[in-house]
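Residue numbers (the working numbering), protein chains in the order written: chain A, 1 to 780; chain B, 1001 to 1255. Step one of this worksheet: look at the structure below.
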Amino acid sequence: MEMISSAFLNRVLFSLTLLLSTGFVFAQNSEGTLRCHVMHANTAEGLEGVRITVHETNQVRYTNSDGWLFLKLKNGHYHLHFEKESFAAQDIDLVFTGKQEVIVMLSPTRIELSELIIEDAYLRMGSATSSKEVLALNPEGFSQAKNLDLGSLLESLPGVNMLNTGMGISKPVIRGFMGNRVAVIDQGIKQEGQQWGMDHGLEIDPFQAQRIEIVKGPSALQYGSDALGGALKILADPLPLYPYEASFQSVYQSNNNAIGLSAASAFKRKNFNASIRLSRRQYQDFRVPAESFTYNGFILPITDGTLKNTAGTINALSTNFAWQFEDYRARYLVSYYDQKQGLYPGATGVPRAYDVGQIGSRADIDFPRQEIQHFKFYTLQNIRLGQHWLELEGGFQRNDRAEMSLPHAHGFEELDSSSTLALGLIQDSYQLNGRYRLHWGKQEIVIGTAQQLKSNSRDGFEYLIPDFWAYQSGLFAISKGALGKNWHWDGGLRWEFKQLMAKAGTSAWWSNIDSLALRSPAIDRSFSNFAAAAGLSFKPSPLWLFKAHIARSFRAPNIAELASNGVHHGTFRHEQGDASLNPELAWQIDLQAEAQRETWILRLSPYFYYFENYIFLRPSARFSPLPEAGQLYRYEQAPIIQGGAEFFLDWHPLENLHISNAMEVLVNQNLDTRLALPFSPPWNNRLALNWESGFWNFGLNWQWALAQERVDRNEQMTPAYHLFGAELSYQKAWGRHKLGLHLSAQNLFNRAYLRHLSRYRILNLPEQGRNVVVGLSYKF
Amino acid sequence: MKKSALLLLGLVFLASCGKDDPVDNTAPLIVEALVNSEDHDIELNAGDKAFLQVQLSDNEQLSELKMDIHDLFDGHSHGKSSSVWEMTKIYSLSGTESTVSDSLDVPSPVVAGPYHFVFRLVDASGNESEFKEMEFIVKNGSEAQFNVSSPDFSSEVPAPKGQAFDMEGTITDDQDLAEILVRISEDEEHSHKKSGAPIYEDEIDLSGTNDTSFDLSTLNITIPNTAETGYYKLLISAKDNEGNYGVFEAEIHVM
């Protein structure tokens, strides 16, 4: 403490204050009017009703009948969006110096994707200039209501899949990567929820997800090392347009008698706005078009085609408060998510005919089951400093995950059968992030930091991972620029430090509960490495667009990979970590070629990834000493390669007809075992046809998944299948009211099929049979 | 676009060729498992010796056999749980053919009732076999005894659909009987290939404190009309207040 002299401190404080006050002096002095003129690219006519959004201040205004808008702005750097239905959206970066005119030409398009701005959050690069591929999903009330959970919504996007455990638990999979290789950002805060677990789903209310963006490929610079496979972003609700808004959604699904209800309301007054959403879903055991399944040479019953104990309930509450001033913006989010999810009993032990055959009540949620509570607090502060804005984020999350089952089933004879907490994991995580955009001459640079502290404590008669805490710190700088008229580049560097500490993990040994067996050694590891990325985009003409992106990413091993030592139910495997694992290092190349005209868009996205030391579970050829547990699997590292491509087509041959097709192929191999990686998504194709006429929309869709024969050791191949669906929706708007009715059928022909990316695949359980969905949404 | 596709193909090709020795993906096999030279209808008494003989095979190299012994008391809480027979044993193996012989001591005292062996096999490459499950009954002399006078199970017993299945006889126990479970399910043939849902199940709780006998004629078993014709297993399990289960199993012909 004596090392830092007070004189030095004073000098630092003085310089800081000087810097800030200069900024404020600047800000107070200059303000002016920005004249925006938006015209039709083909006719040069002024366009009325173009929505102009000033990104920094969140202002939304509309052009007048001549296509003009006069915006009062303070001097500074801004990013503007120009959007209008049936026109391709545009965005521009602007240095406003007091009196300026901006002319924007918008081209007509029938491609809905092009109507909205989809851009990288930090660099503010739209899809035309960014070197990465960003996909967007804007589920309107009715189409969102189609699906039970967030994961199912994502399957329609090329390169995106989900790994599901029955109905109600699903994880996003981007190009085969999941868990700690995909970052999920919920309205600004990185979702932390023991996502390393294969049967740990997303603890996010799907009704809350009004706008979703997916970044495919390495996104570690912006979102941290977890995003080396990609990132899923759920954007915050847009500002309410009216002083008071409310919406209501309800959905019913026939296959598992699922009822979903969600009510939301938003309030706006002067500089303040608030919103609240309350959702509830409850669903019963789901049904499959099969009366039996074959496992381990046995034919076991599926009584009434019902999978026992797959029912669940989800309750969610979310509120937002925001204040907006000229030089300051703040948003606060508080949310709570509660889920009880039944697990098929046959999946956590030897399935017994009399047990799985007696489905009992379809609605009750019996043992084994998961109980999850997720609490979130988040704030985003935007402070104007001179010409730029400083973004500060703070957040807290508590994820309380409990796996409940009967102790007797796991060999714990001496335990009272009322001790039903098999595995409890409570994780508290704190996040503090900051970002600042500055200009070095003409060069725009975003610098930022991300700090995270995580602590986890465990409970229950089973053991998987020890109590631990982890500290992660990231520092990054990213930038973008243009090389001539048609070339754009973006890139950056991120340095990350992670420290993981765990006390030696002990737990009672199954045959003697007064004993304490050492399950995981004490861990004190720290990792530091850097990630780098650079990309180019080339748009030689309005028709063509080419992108290339290369990245060096890394990922520190997570607690399960370092210290787990227990049976992971659902796989019957005993998983064991290795405290000496090194961080994964990946080299990734992503390419894109796109052709677009007014009525169609074609996009090809090939990629190639090489991991120097990918962390994976390897069968050890030894058995676990735990009762009724199978083989011991150890976390090891080996180089892997993966290559693939997605092909996407969106076509409006007629004004009323919309055809879209998404195809994905993927090939990977573990270079050590010379086998494919487990849960590799099979090659598949999704074709959708939609006919729109007035208030009505009718659609048909066909999904074709090829057989997956590239499997890991002890993983089963999965046969090919076709799935068909149909939908009919009615949407009427009058004034500010919007009513939507939706009727759809999934798995129209009630086909029994196996999903390769399913946790129940190991039991050869078919997926959900025909499901008829009826939804209603009303907004005003 | 063509170049990147070619590059992709080249890399995949590169990855798949250069195989010096093929990857061993073949699962090992538990050829046969016998306890006291039987593979079904196994009965063991407390204090007995159970002679285990398991025959194994693999295409390259065997690694380990694991044996689990666990009760099948339907997950209900039971009396003196400390004497339930629970055992886990791992045998090291080598070669492509191997036979594991072991002599297991059935503990005494031990809770009588239905148990199972589960055998799991893994080879040196980590390939897992299908596991093998064998049910058996443990007796200790103190469990419920069955004296069935009718029907005569030494020959085929018809069980017409839609009709009551009458039984006569008694279940006796030296302790107070607590629960009687009756279940009719599809017969597991010797190959243990089919396990169906029960077509009839009933659980009778005896609330008295000195029910040392139970009259089988008080059972109201009805064969459902919807059952498929075939051979079924009739199981009657009687649990006393010490936690011992007496088990009676017989075959009936539903027609």
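By construction, the Cβ of each residue, glycine as well, lies at the ideal position given by its N, Cα and C atoms.
Exercise. Within the 9 Å Cβ cut-off, does A621/A reach chain B?
Worked result: So, interface residue.
For this session: Helix, strand or coil for D1123/B, going by three-state DSSP, please let me know.
Result: strand
For this session: May I ask you to report which of helix, strand or coil DSSP gives V60/A?
Result: strand
Problem set entry | Proximity below 9 Å, CB of L123/A to CB of E444/A | Contact annotation: L123/A and E444/A have beta-carbon atoms nearer than 9 Å.
Problem set entry | Simplified DSSP state of G230/A, which is helix, strand or coil | strand
Exercise. With 16 other CB atoms within 10 Å as the buried threshold, where does M1067/B fall?
Worked result: So M1067/B ends up on the buried side.
For this session: Please classify L763/A: does DSSP put it in a helix, a strand, or coil?
Result: helix
For this session: State the DSSP-derived secondary structure class of I465/A, mapped to helix, strand or coil.
Result: coil
For this session: Would you mind reading off the limits of the beta strand (DSSP E) that contains Y607/A?
Result: Start and end: 600-623.
For this session: With V711/A as the anchor, note down where its beta strand (DSSP E) starts and where it stops.
Result: From DSSP, V711/A is part of no beta strand (DSSP E); its letter is neither H nor E.
For this session: Starting from Y78/A, follow the beta strand (DSSP E) in both directions and report where the run begins and ends.
Result: 76-83
Problem set entry | CB contact flag (V567/A, L432/A, <9 Å) | no
Exercise. From which residue to which residue does the beta strand (DSSP E) around Y223/A run?
Worked result: Element bounds for Y223/A: not the beta strand (DSSP E) but the alpha helix (DSSP H), 220-223.
Exercise. Is T348/A helix, strand or coil by DSSP?
Worked result: helix
Exercise. Buried or exposed: E1168/B, going by 16 or more other Cβ atoms within 10 Å of its Cβ?
Worked result: exposed
Exercise. In whole angstroms, what is the alpha-carbon distance linking N750/A and R770/A?
Worked result: 5 Å
Exercise. Does any CB atom of chain B fall closer than 9 Å to the CB of N296/A?
Worked result: yes
Exercise. When the cut-off is 9 Å and only beta carbons count, does N661/A lie next to chain E?
Worked result: Of the protein chains in the structure, A and B, none is chain E.
For this session: List the residues that DSSP assigns as beta-bridge partners of M162/A.
Result: P172/A.
Problem set entry | Sequence-distant residues of the same chain with beta carbon closer than 7 Å to I302/A, five excluded per side | V288, A290, E291, S292, F293
Exercise. At a Cβ cut of 7 Å, what residues of the stretch 1091-1119 of chain B count as close to chain A, listed as they run along the chain?
Worked result: V1118
Exercise. K1066/B touches chain A at which residues, Cβ-Cβ below 7 Å?
Worked result: F623
Problem set entry | L343/A, enclosing beta strand (DSSP E) - first and last residue | No beta strand (DSSP E) holds L343/A; DSSP gives it neither H nor E.
Problem set entry | Contact set between E628/A and chain B, taken where Cβ atoms lie within less than 7 Å | D1068, H1070, V1118
Problem set entry | Run of the beta strand (DSSP E) containing A638/A, from where it starts to where it stops | 631-651
For this session: Answer yes or no: does any C-beta atom of chain B fall closer than 9 Å to that of G193/A?
Result: Not one beta carbon of chain B lies nearer than 9 Å to the beta carbon of G193/A.
Problem set entry | Per DSSP, the bridge partner or partners of A183/A | Under the DSSP definition of a beta bridge, A183/A partners with A231/A.
Problem set entry | Span separating the alpha-carbon of N273/A from that of V334/A | 14 Å
For this session: Compute the Euclidean distance between the alpha carbons of V173/A and A662/A, then round it to the nearest angstrom.
Result: 16 Å
Exercise. So which residues of chain B does V350/A contact, with C-beta pairs closer than 7 Å?
Worked result: Listed along chain B are V1118, E1133, each with a C-beta nearer than 7 Å to that of V350/A.
For this session: Going by DSSP, name the residue or residues bridged to I1252/B.
Result: Y1232/B
Exercise. Is G305/A helix, strand or coil when you go by DSSP?
Worked result: Collapsing the DSSP output to three states places G305/A in a helix.
Problem set entry | Status (buried if at least 16 other CB within 10 Å, exposed otherwise) for W1085/B | Taking every protein chain shown into account, the CB of W1085/B has 16 or more other CB atoms within 10 angstroms, so this residue is buried.
Exercise. In whole angstroms, what is the alpha-carbon distance linking A1112/B and G1141/B?
Worked result: 8 Å
Exercise. Just the Cα atoms here: how many angstroms apart are F1146/B and F1248/B?
Worked result: Those two C-alpha atoms are separated by around 7 Å.
For this session: Specify the secondary structure class of Y122/A as computed by DSSP and reduced to three states.
Result: In the structure shown, Y122/A sits in coil (DSSP, three-state: anything other than H, G, I, E or B).
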